[in-house]
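S.K.:
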Amino acid sequence: MKIKLFILFTIITSFIFSENIKINVVNDLQLQKNNIIDQYQYYNTLSINSLYNNFSAGITLRLNNYYLQIPNNSNGDSNFDLYRKYIQFNSKNWHVNIGDFYTLLGKGLVLSVLKNDEIIKERTVLGAEIKYSKNSLNIKSIAGFVKNETDTQEWTVFGSEILYSPIKKIKIGAHFSFIDDNENNYNFYGKRYTTTFSLRLSNIFNIFDFYTEAGILDFDNDDIEDGYGIFSNLSYSKGHSTISVEFKRYKNFNNLMNNPPVADRGDELTNLIDTIGGRILYQYSFFDPDIVAFINLGYYEEGLDKGIHIYFGLEAQDIFDKLSIIGSYGVRNIIYPIKKADIDVLYQITDRISIESTYKLKYYKISDSIIFNEQDINFELSYLPNFSFFFLYQYSKQKIINRNHFYSGGFKYYISDSFNIRLLGGTMRGGETCSGGQCIKVQPFKGFKISIYKSF
Amino acid sequence: MKNKATLSIIFILLCFNLFFAKVPDFSLKSINDNEIKFSEYIGKKIIVIDFWATWCKPCKKLLKDLNKIYKELNNEIEVFAISVDNSQAIQSVENYIKARRFKFKVLLDSDRRVNNYFNPSNVIPFTVIINKKGEVSYAHSGYIPGYIKELKSKIKEILEN
Chain A
-8 MKIKLFILFT IITSFIFSEN IKINVVNDLQ LQKNNIIDQY QYYNTLSINS LYNNFSAGIT
52 LRLNNYYLQI PNNSNGDSNF DLYRKYIQFN SKNWHVNIGD FYTLLGKGLV LSVLKNDEII
112 KERTVLGAEI KYSKNSLNIK SIAGFVKNET DTQEWTVFGS EILYSPIKKI KIGAHFSFID
172 DNENNYNFYG KRYTTTFSLR LSNIFNIFDF YTEAGILDFD NDDIEDGYGI FSNLSYSKGH
232 STISVEFKRY KNFNNLMNNP PVADRGDELT NLIDTIGGRI LYQYSFFDPD IVAFINLGYY
292 EEGLDKGIHI YFGLEAQDIF DKLSIIGSYG VRNIIYPIKK ADIDVLYQIT DRISIESTYK
352 LKYYKISDSI IFNEQDINFE LSYLPNFSFF FLYQYSKQKI INRNHFYSGG FKYYISDSFN
412 IRLLGGTMRG GETCSGGQCI KVQPFKGFKI SIYKSF
Chain B
1225 MKNKATLSII FILLCFNLFF AKVPDFSLKS INDNEIKFSE YIGKKIIVID FWATWCKPCK
1285 KLLKDLNKIY KELNNEIEVF AISVDNSQAI QSVENYIKAR RFKFKVLLDS DRRVNNYFNP
1345 SNVIPFTVII NKKGEVSYAH SGYIPGYIKE LKSKIKEILE N
């Protein structure tokens, strides 16, 4: 009932203020046949954003029947809800947001509540956010509640950050978060306070950049040992070379809502409980032809274990104006071994026709019986400007939706600048998937999927 | 049944009531922690926004193309390459950009505030062109080889209009 009243209110106000108010609507529909439950599944989001002078407001309505795949589902055939809502005020110096929002303070050492694409019900802060920026000063404060993906737990969250630049090229910051488990929680941690200070030096002597952030995590609960964390990065760029040196140390630094940076490929292990380590990333750029070669050497100690993390590769684009190659290979040998490899080759046959093939390998050996060996082979043919066809084969050693081999294919058709249709059929393992010139994080599925994108 | 019918009517009414669309005055942090406000650029230049992430290979190809376009037309356009990487990848964004010496502005939208406005389906790369009136003139998802020509012709068309 509240949703309908809200929508009616939006319609009425938009008619009243029709001379001044601007509205933008994007609808995104995904429809797929799920052969496991023998049902069609749909997931539709309709986002309506409006702007009136310095104010903007938006809602995202969601209609889906994904609950159908839950055994003994008791949520009904379909679910319609007001998924996201916000009202914002923006002026030259102020930004005020009330409603749902993601948030990040510093580099994520104190607070990081961000989008999670891999699950449908992801987290936001529901509350208020205020930002003030003038000249060399930026202040941001947030307060609200965060729920977990299944709405079974809730946290009270408060965060604040001040960034100040006393002189050009230098920025200092203070970052703070308070998190408390609400009554329905498993209540592992209780009240905790995370405070960090940061320093950024930009473009020193035109070749150096430096960032460091360090702080403490203070638990009210005396049974939990207080912790600390440090993240530092120094980079050097001159001529063809770029060198980045990184150091990190985390001890009892997990507040359940922090997520500090890790190495580029996402396979670096950083558990925040007891990590010390560092890495050097060297990148050499040939500018003509456009090639960047890179190598990363890392060493980490995780609790009682220690080991290396190495990866290397290159990105070569527009070779002879026809060929692009992006590839890398890496191993991490801490606690359990991980190997990751990927290569992407694209050849442009004519101005309109091109072929592209990619191969990806992810190999994780957690124990002799738990081995993740995932491989993707993608072949794609594009005909400009409207069509793109692709075929994707995926292999997974661990059975997902009762299978190891996944075959899918599809096409994308651009009807106009703001209107395209994408049809995908077959089976997909899920995860980060790039095909048809687009990337998105998807869940495993079997069947077909239609995505219609239309911007009004 | 009655509820569904009501919702359908509301949706249709909304669709008929739509007209587009000045862009709100977003501000985002650059990779150097500088606050970049869209309003400081709207009206002066055409703004080309590209949403991308370090794990997305088509995005990297498009960034290279955008760099070429920016070098050629930087007096008339401003390019904002907006990373939607999460906080774990923030340092990777810096490392990636520095080695390639891209000249355009690279902004961080880890909280997806701006991305959700333009691109709620979260498919990347996603390109938006904002004209000098502050209105969205063009939106496109995905990258296919040769897309640089189409993008360039769209920019020129908008510049001429």
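Here the protein sequences come in this chain order: A and B. Under this note's numbering, the first residue of the first sequence carries the number -8, and numbering increases by one thereafter. Under this note's numbering, the first residue of the second sequence carries the number 1225, and numbering increases by one thereafter. Where is the CB? At the ideal position from N, CA and C, for every residue including glycine. Every value quoted in this text rests on a predicted model; they were computed, and no experiment measured them.
#1: For Lys1285 of chain B, decide whether its Cβ has a neighbour in chain A, counting only Cβ atoms nearer than 8 Å.
#2: Asn40 of chain A lies in the beta strand (DSSP E); which residues open and close that run?
#3: Could you tell me if the beta carbon of Leu54 of chain A falls within a distance shorter than 7 Å of some heavy atom in the ligand NAD?
#4: Taking only the alpha-carbon atoms, compute the straight-line gap between Asn243 of chain A and Glu1374 of chain B and give it to the nearest angstrom.
#5: Counting only beta-carbon separations shorter than 8 Å, does Asp1335 of chain B have a partner in chain A?
#6: With a CB to CB cut of under 6 Å and the five nearest residues on each side skipped, what residues in its chain are close to Tyr458 of chain A?
#7: Kindly list, in the order they appear in chain B, the residues whose Cβ is closer than 9 Å to that of Asp367 of chain A.
#8: Would you tell me roughly how many angstroms separate the C-alpha atoms of Leu415 of chain A and Thr1351 of chain B, rounded to the nearest one?
#9: Return the Cβ separation of Tyr275 of chain A and His231 of chain A in integer angstroms, given the expectation that the two are a contact with Cβ distance under 8 Å.
#10: Can you have a look at Tyr1362 of chain B and say buried or exposed, based on whether 16 or more other CB atoms are within 10 angstroms of its CB?
#11: Cα-Cα, which of A:Glu174, A:Phe222, A:Pro157, A:Lys162 is closest to Glu145 of chain A?
#12: Identify the contact partners of Pro252 of chain A in chain B, using a Cβ-Cβ distance below 8 Å as the criterion.
#13: Quick one, which residues of the region 276 to 296 of chain A are near chain B if we go by CB-CB under 8 Å, in chain order?
#14: Give the range of the alpha helix (DSSP H) segment to which Val1338 of chain B is assigned.
#15: When you compare each of A:Val101, A:Ser38, A:Asn84, A:Lys98 to Tyr77 of chain A by their alpha carbons, which one comes out closest?
#16: How would you call Gly294 of chain A, buried or exposed, if buried means at least 16 neighbouring beta carbons within 10 angstroms?
#17: Report the rounded CA-to-CA distance for Tyr155 of chain A versus Glu204 of chain A, giving the unit in angstroms.
#18: State the Cα-Cα distance for the pair Glu1318 of chain B and Arg256 of chain A, rounded to the nearest angstrom.
#19: Closer than 8 Å, CB to CB, is Lys1376 of chain B near chain A or not?
#20: Does any residue of chain A bring its CB to less than 8 Å from the CB of Asp1249 of chain B?
#21: Between which two residues does the beta strand (DSSP E) harbouring Ala307 of chain A extend?
#22: Going by DSSP, which residues form a beta bridge with Thr1351 of chain B?
#23: How many angstroms separate the CA atom of Tyr291 of chain A from the CA atom of Asn1258 of chain B?
#24: Below 8 Å on C-beta distance, what does Lys98 of chain A contact in chain B?
#25: Whole angstroms is fine: what's the gap from Asn70 of chain A's alpha carbon to Tyr31 of chain A's?
#26: Would DSSP call Arg323 of chain A helix, strand or coil?
#27: Report yes or no: is there a C-beta of chain A within less than 8 Å of the C-beta of Asn1355 of chain B?
#28: Does DSSP put Tyr374 of chain A in a helix, a strand or coil?
#29: Can you find a CB in chain B that lies within less than 8 Å of the CB of Ile317 of chain A?
#30: Is there a C-beta anywhere in chain B that falls below 8 Å from the one on Tyr93 of chain A?
M.R.: According to the data block:
#1: yes
#2: 30 to 43
#3: This structure lacks the ligand NAD, and indeed carries no ligand of any kind.
#4: 52 Å
#5: yes
#6: Absent from the model: residue 458 of chain A. The displayed extent of chain A is -8 to 447, so no value can be given.
#7: Residues of chain B passing the Cβ test: none, with the nearest at roughly 12 Å.
#8: 22 Å
#9: 6 Å
#10: buried
#11: A:Glu174
#12: Ser1311, Gln1312, Ala1313, Ile1314, Gln1315, Ser1316
#13: Ser276, Phe278, Asp281, Val283, Phe285
#14: 1337 to 1342
#15: A:Ser38
#16: exposed
#17: 14 Å
#18: 14 Å
#19: no
#20: yes
#21: 296 to 310
#22: B:Asp1274, B:His1364
#23: 32 Å
#24: Ser1311, Ile1314, Gln1315
#25: 14 Å
#26: strand
#27: no
#28: strand
#29: yes
#30: yes
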